[in-house]
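Shown next, in structure tokens, is the structure this report addresses.
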Amino acid sequence: SSITRENFRFQQSTIDEIVKLAHNKYDGHTARCSPAQHSYSLAFCQYINDDDLFNCTMLEAKLTHYSPIAGQTVLNVVLHYVSISDNTAQANAKAFSEEKVLIC
């Protein structure tokens, strides 16, 4: 039989449980930098609405990290605004004016 993408689909509850097991195994030290690395591609994805970018980053981080701080990265927001702004000062002003970024 051939392998299809269906072979790699899991229930969200299964993914959540595996991520939680890894989190517990390493005493909660699972935030690391991987979500920040992934945020680069999310920041430049033209199909993600500006208002949804932060939440998309948080959801993506939850796929592999149980720690809530894993997806709380300002990097994706800053990169996104750099890509659509005239200069870095304007990009920073836009990025850091977002309430969600300040909460993080």
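Residue numbers for the sequence shown follow the numbering used here, so the first one is 30 and each next one is one higher.
Built from N, CA and C at the ideal position, the CB exists for glycine as well.
On a predicted model such as this, the values are computed, not experimentally measured, just so you know.
Item checked: Three-state class that DSSP yields for Arg38 in the structure shown -> coil
Note to self: Taking the beta carbon of Thr86 as the centre, do at least 16 other beta carbons fall within 10 Å, making it buried, or is it exposed?
What the structure shows: buried
Checklist line | Own chain residues within Cβ distance below 6 angstroms of Lys49, not counting five before or after | finding: Tyr95
Margin query: If you follow the alpha helix (DSSP H) that Asn116 is in, where does it begin and where does it stop?
Written below: Per DSSP, Asn116 belongs to no alpha helix (DSSP H) and is neither H nor E.
Next item on the list: With hydrogens ignored, establish whether the beta-carbon of Gly57 is closer than 7 angstroms to any heavy atom of the ligand ATP.
Entry: No copy of the ligand ATP occurs in the structure displayed, which carries no ligand at all.
Note to self: For Ile132, which residues in the same chain have their Cβ closer than 7 angstroms to its Cβ, ignoring the five residues on either side in sequence?
What the structure shows: For Ile132, the predicted structure reports a pLDDT of 40, less than 50, and the residue's modelled location is therefore unreliable. The matter cannot be settled from this model.
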